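Residue numbers (this note's numbering), protein chains in the order written: chain V, 1 to 159; chain L, 1001 to 1159; chain E, 2001 to 2159.
By construction, the Cβ of each residue, glycine as well, lies at the ideal position given by its N, Cα and C atoms.
A quick note: this is a predicted structure, and the numbers were derived from the prediction, not measured.
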């Protein structure tokens, strides 16, 4: 766990994460809304430079290897952070990652959903330390937009 | 975008939308709960006069045409508004549509989920203007209650 | 409906419910987060003494009988309450069950999702009376962690 003196920006550097440009929604909605001290971030896909890499396309249990699924969850979470940075100006304002919703594009028999979603959860704890520990719901869905393998939505508390 | 002087009621009229009677839940729960300044609306189906029209029944990618799916999303969103009106007494009290959750009853290969859900998102922006711009998560699910093609849940901020 | 003088603990006794030890998450996240007056509880599975009983494993519409599904939803909700008790110290602090999210592991043709989820909703009303009446979204998903038949997440308002 990083010491409290470390800033979020320093942790991102340490993790080798260069936050991408926030991705524009693929439809008529916005990527985040603030209400009171809550920040709601729309479901994010594992887009890389605005494109869905082939290895993050398709279903866990058929088209996508478990490790690629985990990387897709991690990249979706990085895209969540990119949105949060735009929303708040500075990720230091995050007081708590409240909740992640994880949607895994999976075949009906693929039950290792939690392990895939850990790609997102682990990142949050790496970046925010204890403040990154969140409530979570993970489910396997029949399909996702663009046939992405993972989608991650988030709720933050900020100051 | 309508001018600020236009009321929500006037926009609904202009859109030719006569809000239906709020639909009673099909099980042991309530259609909405208010907590602080947040209004949480239960998942709404595309019911018309309390019945599910045949064209809004079944799966996108198999039984339901894309345009009918979009109309189902729009009607689900209208039913969300009907609940919000009962909850708040007056839709003018809506300060912001915070989030929509879109669940599309889809075959495992149907990836045009965002376009279907736009039926709900577009309606919110038509009715509330910029205050209707919301965070959103859209997923394709294996099945929905009554075999409805779409289900839409919502969170509003109100005053 | 129990009288107002009855405490939550008394109702649990009356229902013959001995709240289990709160279940540790099966991955890198926490079972609940409090933000303001809201308590967010992570998706809970129908675990019994930390194990998934065989009758709560698999899909509604294929492996799991409807009544077992309803019992799975009820047990998931009991596990939600176990988490809420740890989070708040005392369930008397619950002011309202705000929302339940119900995810049913279902075959694409299984439409009796609401009846299954009633196992969770009915429990909340039995325990909290009118304060247990909640907003709800129920969907049928392609798969759940550990191949559980049901997963229930919750949002409470507390004092």
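Counted within 10 angstroms of its Cβ, other Cβ atoms place residue i as buried (16 or more) or exposed
i, result
"residue 1007 of chain L", "exposed"
"residue 2043 of chain E", "buried"
"residue 2089 of chain E", "exposed"
"residue 51 of chain V", "exposed"
"residue 56 of chain V", "buried"
"residue 1 of chain V", "Because the pLDDT at residue 1 of chain V is just 42, under 50, the model does not fix this residue reliably, and the value given afterwards should be weighed accordingly. Exposed, by the Cβ-count rule."
"residue 2101 of chain E", "buried"
"residue 1069 of chain L", "buried"
"residue 1162 of chain L", "Look at the range of chain L in this structure, 1001 to 1159, and you will see that residue 1162 of chain L is not part of it."
"residue 2018 of chain E", "exposed"
"residue 3 of chain V", "Note on residue 3 of chain V: pLDDT 45, under 50, position unreliable in the model; the coordinate value appears next. Its Cβ having fewer than 16 others within 10 Å, residue 3 of chain V is exposed."
"residue 1005 of chain L", "Caution applies to residue 1005 of chain L, whose pLDDT of 49 falls short of 50 and renders its modelled position unreliable; the model cannot decide the point."
Beta-carbon gap between residue i and residue j smaller than 9 Å
i, j, result
"residue 2127 of chain E", "residue 2015 of chain E", "yes"
"residue 1020 of chain L", "residue 1054 of chain L", "no"
"residue 1030 of chain L", "residue 2133 of chain E", "yes"
"residue 2143 of chain E", "residue 61 of chain V", "yes"
"residue 141 of chain V", "residue 1139 of chain L", "yes"
"residue 1084 of chain L", "residue 1091 of chain L", "yes"
"residue 82 of chain V", "residue 149 of chain V", "no"
"residue 151 of chain V", "residue 1035 of chain L", "no"
"residue 120 of chain V", "residue 80 of chain V", "yes"
"residue 1115 of chain L", "residue 1066 of chain L", "yes"
"residue 111 of chain V", "residue 59 of chain V", "no"
"residue 33 of chain V", "residue 1135 of chain L", "yes"
"residue 1155 of chain L", "residue 1064 of chain L", "no"
"residue 2104 of chain E", "residue 2117 of chain E", "yes"
"residue 146 of chain V", "residue 13 of chain V", "no"
"residue 2130 of chain E", "residue 1028 of chain L", "no"
Limits of the unbroken alpha helix (DSSP H) element including residue i
i, result
"residue 1086 of chain L", "1066-1088"
"residue 2128 of chain E", "2113-2128"
"residue 2010 of chain E", "2008-2014"
Residues that residue i contacts on chain E, provided the C-beta gap is smaller than 8 Å
i, result
"residue 154 of chain V", "Per Cβ cutoff of 8 Å: no residues; residue 154 of chain V is ~12 Å from chain E at best."
"residue 122 of chain V", "2028"
Cross-chain neighbours of residue i in chain L, by beta carbon under 7 Å
i, result
"residue 26 of chain V", "1114"
"residue 2157 of chain E", "1035"
N- and C-terminal bounds of the beta strand (DSSP E) containing residue i
i, result
"residue 1154 of chain L", "1150-1158"
"residue 50 of chain V", "From DSSP, residue 50 of chain V is part of no beta strand (DSSP E); its letter is neither H nor E."
"residue 1138 of chain L", "1135-1141"
"residue 2098 of chain E", "2094-2105"
"residue 43 of chain V", "38-44"
"residue 56 of chain V", "Unbroken run through residue 56 of chain V: none, as it is neither H nor E."
"residue 1110 of chain L", "No beta strand (DSSP E) holds residue 1110 of chain L; DSSP gives it neither H nor E."
"residue 33 of chain V", "32-35"
Residues that residue i contacts on chain L, provided the C-beta gap is smaller than 8 Å
i, result
"residue 2125 of chain E", "1028"
Residue i Cβ short of 8 Å to the ligand SAH heavy atom set
i, result
"residue 1122 of chain L", "The ligand content of the structure shown is nil, which means the ligand SAH is not present either."
Residues of the segment 2028-2047 of chain E with Cβ closer than 8 Å to any Cβ of chain V, in chain order = Answer in chain order: 2028, 2029, 2030, 2031, 2032, 2033, 2035, 2036, 2040, 2041, 2042, 2043.
inquiry  = What are the residues in the segment 132-150 of chain V lying within 7 Å of chain L by C-beta distance?
reply    = 141, 142, 143, 144, 145, 146, 147
ask   = Just by C-beta distance, which residues in the segment 49-76 of chain V are closer than 7 Å to chain E?
value = none
task = Compile a chain-ordered list of the residues in the segment 1087-1120 of chain L whose CB is closer than 9 Å to at least one CB of chain E.
result = 1101, 1103, 1105, 1107, 1108
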